[in-house]
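A.B. asks: For what it's worth, the numbering used here labels the leading residue of the first sequence as 724, then goes sequentially.
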Amino acid sequence: MVTIASWNINSVRLRMSQVARLLVQEAPDVLCLQEIKCQEHQFPAEAFAELGYVHQVIHGQKGYHGVATVSRIPLRECSRHDWQDNGEARHVGVELLGPGGGMVLENVYIPAGGDTPDREANPKFGQKLDFIERMTRWADALDRPTLIVGDFNIAPLDCDVYDHKALLKVVSHTPVEVETLDRFRYAHGWVDLGREHIPAPGRCYSWWSYRAYWRKKDQGRRLDHMWASPELAPHARAHRVIEETRDWEQPSDHVPLVTEFAL
DNA sequence: ATGGCTCGTTCGACGAGA
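Encoded structure:
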């Protein structure tokens, strides 16, 4: 059994104690973090090592973004894509060695896309779509069993948001984003493990705004995902959304996903 | 129905998140 977790932590240095709590509670073999918000040399490497996560692949930058994959089973970095072509640290890929050997694990933080869902008025929105289109061309050529996880910043299904109609013009749930993400999914036949294990319209939010009023009304969105190659997906035995972390003290606005694979 | 919190920057607003 190999257990993989993913969590947009929104500053790993600020929340290392919460990460430790999750690692003890869920005992994943591998944890993929997004928005670590630090450079490689600032990453709390020693704290992870003390918990047994001695294998660490970090793609950080100063202040913003940044991803890291930590593991208690051996792994090897195999890619570091810049799908936005602007130098931001939003991806790292590893190959698992030993248990789960041969699986490729892609850890990605897709850009949020700014406020306005219009390429002309808001360049960040275009960058988000372009980022996913580059991922699509990459996925088209994949020939190994792969799991891609992370913060996709898109809630694809109607039931992935608290109010589908109200969010049709809100970045994260617009039809153009959903269609762009659909093309990425078709390019490789990715299986959405979240909805494989928690069928629509089951509750499956992974993000709630920090704004207290929205949080109180449970206005969540499913922005975080785990997608598996067609040959890998049938090995997934369990999938959980660890919603309780959102009620921990000074939490991340995202909650972790955990999937167990019989490998 | 609601951009009303929270982060890192680095010491006080500001850009960014989504």
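Even glycine gets a Cβ: it sits at the ideal position worked out from N, Cα and C.
Please look up how many angstroms separate the CB atoms of PHE766 and VAL735, rounded, as I've assumed it's under 8 Å.
C.D. replies: Mapped onto the first sequence, residue 766 falls at position 43. Mapped onto the first sequence, residue 735 falls at position 12. Right, their Cβ atoms sit about 7 Å apart.
A.B. asks: Take the Cβ of ASN809 as the centre, count every other Cβ of all protein chains shown within 10 Å, and call the residue buried at 16 or more, exposed below.
C.D. replies: Taking the first residue of the first sequence as position 1, residue 809 is located at position 86. By the neighbour-count rule (16 or more Cβ atoms within 10 Å), ASN809 is not buried but exposed.
A.B. asks: If you check the beta carbons only, do LEU745 and THR903 fall under 8 Å apart?
C.D. replies: Reading the first sequence from its first residue, position 22 is the one you call residue 745. Reading the first sequence from its first residue, position 180 is the one you call residue 903. For LEU745 and THR903, no; Cβs fall outside 8 Å.
A.B. asks: Could you compute how far the alpha carbon of LYS847 sits from the alpha carbon of ALA835?
C.D. replies: Along the first sequence, read from residue 1 onward, the residue named residue 847 stands at position 124. Along the first sequence, read from residue 1 onward, the residue named residue 835 stands at position 112. So the alpha carbons of these two residues sit roughly 8 Å apart.
A.B. asks: According to DSSP, simplified to helix, strand and coil, what is VAL901?
C.D. replies: Taking the first residue of the first sequence as position 1, residue 901 is located at position 178. VAL901: helix per DSSP, three-state reduction.
A.B. asks: Note the first and the last residue of the continuous alpha helix (DSSP H) segment covering ASP863.
C.D. replies: On the first sequence, position 140 is the one that residue 863 refers to. 846 to 863 is the span of the alpha helix (DSSP H), which, as asked, contains ASP863.
A.B. asks: Could you tell me which whole alpha helix (DSSP H) segments of length 4 or greater appear in the region 728 to 761?
C.D. replies: Taking only runs of at least 4 residues, the alpha helix (DSSP H) segments lying wholly in the region 728 to 761 are 739 to 749.
A.B. asks: Report all residues from its chain with a CB closer than 7 Å to the CB of TYR787; omit the five preceding and five following residues, and keep chain order.
C.D. replies: By one-based count along the first sequence, residue 787 stands at place 64. So the list reads LYS760, once near-sequence residues are dropped.
A.B. asks: Excluding five sequence neighbours on each side, which residues of the same chain lie with their C-beta closer than 8 Å to the C-beta of LEU891?
C.D. replies: As a working note, residue 891 is residue 168 in the first sequence. Answer for LEU891: THR897, PRO898, listed in chain order.
A.B. asks: Rounded to whole angstroms, how far is the Cβ of MET796 from the Cβ of LEU828, which I believe are closer than 8 Å?
C.D. replies: The count along the first sequence starts at 1 and reaches residue 796 at position 73. The count along the first sequence starts at 1 and reaches residue 828 at position 105. A quick correction: the sequence has Ile, not Met, at residue 796. Not a contact, Cβ separation roughly 11 Å.
A.B. asks: Pull up the distance between the alpha-carbon of GLY849 and that of ASP841, whole angstroms please.
C.D. replies: Within the first sequence, the letter at position 126 stands for residue 849. Within the first sequence, the letter at position 118 stands for residue 841. Looking at the two C-alpha atoms, the distance is approximately 7 Å.
A.B. asks: What does the alpha-carbon distance come out to for the pair ILE988 and ILE855?
C.D. replies: Absent from the model: residue 988. The displayed extent of the chain is 724 to 986, so no value can be given.
A.B. asks: Quick test of the definition: if touching needs 3 or more C-beta pairs under 8 Å, does the region 956 to 963 touch the region 933 to 944?
C.D. replies: No, they do not touch.
A.B. asks: Check each candidate in VAL901, HIS977, ALA910 and name the one with the smallest Cα separation from SER932.
C.D. replies: Taking the first residue of the first sequence as position 1, residue 932 is located at position 209. Of VAL901, HIS977, ALA910, the residue nearest in Cα terms is HIS977.
A.B. asks: Does DSSP put PHE771 in a helix, in a strand, or in coil?
C.D. replies: On the first sequence, position 48 is the one that residue 771 refers to. DSSP places PHE771 in helix when its eight states are reduced to three.
A.B. asks: Label TRP937 either buried or exposed according to how many other C-beta atoms from any shown protein chain fall within 10 Å of its C-beta, with 16 as the threshold for buried.
C.D. replies: For the purposes of this step, residue 937 is identified with residue 214 of the first sequence, where counting begins at 1. When all chains shown are included, TRP937 counts as exposed.
A.B. asks: Helix, strand or coil, according to DSSP, for LEU820 in the structure here?
C.D. replies: Residue 820 sits at position 97 when you count from the first residue of the first sequence. Of the three classes helix, strand and coil, the one that applies to LEU820 here is coil, per DSSP.
A.B. asks: Take the Cβ of SER729 as the centre, count every other Cβ of all protein chains shown within 10 Å, and call the residue buried at 16 or more, exposed below.
C.D. replies: Taking the first sequence and counting its residues from 1, one reaches residue 729 at position 6. Result: buried.
A.B. asks: Taking 8 Å as the cut-off, decide whether the C-beta atoms of ALA791 and GLN779 are in contact.
C.D. replies: Taking the first residue of the first sequence as position 1, residue 791 is located at position 68. Taking the first residue of the first sequence as position 1, residue 779 is located at position 56. Yes. Within cutoff.
A.B. asks: Taking its Cβ as the centre, do 16 or more other Cβ atoms sit within 10 Å of VAL793, making it buried, or is it exposed?
C.D. replies: For this step, residue 793 is matched to residue 70 along the first sequence. Buried: at least 16 other Cβ atoms inside 10 Å.
A.B. asks: In angstroms with no decimal places, state the Cα-to-Cα distance between CYS755 and ASN830.
C.D. replies: Locating residue 755 in the first sequence gives position 32, counting from the first residue. Locating residue 830 in the first sequence gives position 107, counting from the first residue. Whole-angstrom Cα-Cα distance: 6 Å.
A.B. asks: Give the single residue among PRO822, GLU811, HIS814 whose Cα lies nearest to the Cα of LEU798.
C.D. replies: Counted from its first residue, the first sequence places residue 798 at position 75. LEU798 has its Cα closest to that of PRO822, out of PRO822, GLU811, HIS814.
A.B. asks: Can you give me the Cβ contacts of THR726 inside the same chain, cut-off strictly under 8 Å, excluding the 5 residues immediately before and after it?
C.D. replies: Along the first sequence, one-based indexing puts residue 726 at 3. Closer than 8 Å at the Cβ level, and outside the excluded window around THR726, lie GLU749, ALA750, PRO751, ASP752, VAL753, VAL981, THR982, GLU983, PHE984.
A.B. asks: With which residues is ALA985 paired in a DSSP beta bridge?
C.D. replies: For the purposes of this step, residue 985 is identified with residue 262 of the first sequence, where counting begins at 1. None, per the DSSP bridge assignment.
A.B. asks: Compute the Euclidean distance between the alpha carbons of LEU880 and VAL815, then round it to the nearest angstrom.
C.D. replies: Numbered from 1 along the first sequence, position 157 holds the residue referred to as residue 880. Numbered from 1 along the first sequence, position 92 holds the residue referred to as residue 815. About 26 Å.
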